[in-house]
């Protein structure tokens, strides 16, 4: 992540971003599930939609609708876009026998390769994996390099199973790969150094992490800055929306840089959890049809509208509450799946209802006009344009924080194929 070419100073870039966020906060300030409840689409000021087919695969929003709202949006966002370095495909082997997805294998192989290069450049003897999970990355590093690996994991089950897997499948790594159950915080510096000295009698090390979720990336950055023997860091951040908040709703670890902390005080951009969630949202794949994306968006928002009107709390029973692609844009089938297995409907104690009224839900869906569907498609396109800007805004703040703390050799680099893994950037910094 870096400054877009239109800017020369960080403050100038942050100011223009914050102005944009203020102006277009109606596109992100509410969760997408509240799209109908909060009447978000009413803020998209686009006329003449009756005569255009936004669902045509060749339709280009910039070219096919002449409108001040859209023209201004695309002009302003264009200045804030950056061109990322292209992913460099390599012929890498994956050495771990495990039932992993192609995406996971790809991420592990390429992150391991990047760690190998960085460690050799910085003279690191040991790699410390923040959030080791079941140890797949650690064993790949062992198989492809001569470095010692210390895997730190806070989850008891993952820690136990990583050691079991090691004894069963990777017995040859017992002396070189060690696992310790430890919850990492920005105050873990003394313990980490003790672990390294006890296990490997070495000192110079590299911090790494595959999908260092939420605050873990920031904790890794702070430990890297603080610890003299931490010579490098290679981490892939994700889940920005899970960054912890203080009691007053202020994010603990965003913004980080002094520059953005000062600059943001002059603006009311409402940088909230939905903002961070959009930054972490994978861009829509080119092979996904707009009709499917709009159906998914409006179907879930309709469910939320019904819940809001009847004071019902909706809770997902599983990560993917409803498999949209199996519903073929049939709202009745969607609702049936949502009610049967996707969501728990928690009714108010005073309510006489104990099950959702499917006829009323169907009626709510039928109230959506064709213009609503078209505006929902425009909403999706506009959010996709903001996603890259939001993510760069967050990650550039982290780079600037490193530089403010004397770490000048730092960058975000695309190290995996974004078509396989949308969270494709790694923070790489060296002392």
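Numbering (full-length UniProt numbering), first residue to last: 1 to 431.
Cβ coordinates follow ideal geometry from the N, Cα and C atoms, glycine included.
As the structure is a prediction and not an experimental result, all values here were calculated from the model.
- If you draw a straight line from the Cα of residue 317 to the Cα of residue 245, it is about 25 angstroms long.
- With a threshold of 16 other beta carbon atoms within 10 Å, residue 258 falls short and is exposed.
- Nearest C-alpha to residue 408 among 15, 339, 431: 431.
- With the rule of 3 Cβ pairs closer than 8 angstroms, the stretch 198-214 counts as touching the stretch 231-249.
- Among the bridge pairs identified by DSSP, residue 414 is matched with 425.
- Residue 114 and residue 404 have their C-alpha atoms some 25 angstroms from each other.
- The C-alpha of residue 80 is placed about 28 angstroms away from the C-alpha of residue 56.
- DSSP, read as helix, strand or coil, puts residue 367 in coil.
- Residue 44 is positioned such that its CB atom lies closer than 7 angstroms to that of residue 378.
- With contacts defined by Cβ atoms closer than 7 angstroms, residue 99 and residue 400 do not form a contacting pair.
- Considering only 30, 2, 20, the residue with the shortest C-alpha distance to residue 304 is 30.
- Comparing C-alpha distances from residue 243 to each of 396, 274, 162, 123 shows the shortest one belongs to 274.
- Residue 192 and residue 224 have their alpha carbons spaced roughly 11 angstroms apart.
- In the displayed model, residue 54 falls within coil according to three-state DSSP, outside both helix and strand.
- The three-state secondary structure of residue 402, taken from DSSP, is helix.
- DSSP places residue 37 outside both helix and strand once states are collapsed to three, so it counts as coil.
- The beta carbon of residue 139 sits closer than 7 angstroms to the beta carbons of 96, 170, 173, 177 from its chain, once the five residues preceding and following it are set aside; these are given in chain order.
- The continuous alpha helix (DSSP H) containing residue 106 extends over residues 102-122.
- With fewer than 16 other Cβ atoms from the protein chains shown falling within 10 Å of its own Cβ, residue 183 counts as exposed.
- Pairing residue 423 with residue 87 gives a Cβ-Cβ distance that is not under 7 angstroms.
- Distance from the CA atom of residue 344 to the CA atom of residue 315, rounded to whole angstroms, is 5 angstroms.
- Between residue 78 and residue 385, the alpha-carbon positions lie close to 9 angstroms from each other.
- Look at the beta carbons and you see the stretch 386-398 not touching the stretch 197-205: under three pairs across the two are nearer than 8 angstroms.
- Partner residues in the beta bridge of residue 151, as assigned by DSSP, are 129, 179.
- Here residue 102 really is in contact with residue 420; their C-beta atoms are around 7 angstroms apart, less than 8 angstroms.
- The beta carbon of residue 373 sits closer than 6 angstroms to those of 294, all from its chain and outside the five residues before and after it, given in chain order.
- The three-state reading of DSSP puts residue 237 in strand, counting E and B together.
- Per the coordinates, the alpha-carbon of residue 231 lies some 8 angstroms from the alpha-carbon of residue 123.
- In the three-state reduction of the DSSP assignment, residue 342 falls in the helix class.
- Runs of the alpha helix (DSSP H) lying entirely within the stretch 262-288 and spanning at least 4 residues, in chain order: 273-280.
- In this structure, the alpha-carbon of residue 341 lies about 16 angstroms from that of residue 357.
- Its chain contains 235, 412 as the residues whose beta carbon lies nearer than 6 angstroms to that of residue 427, once the 5 sequence neighbours on both sides are disregarded; these appear in chain order.
- Between the C-alpha atoms of residue 241 and residue 251 there is a straight-line separation of about 10 angstroms.
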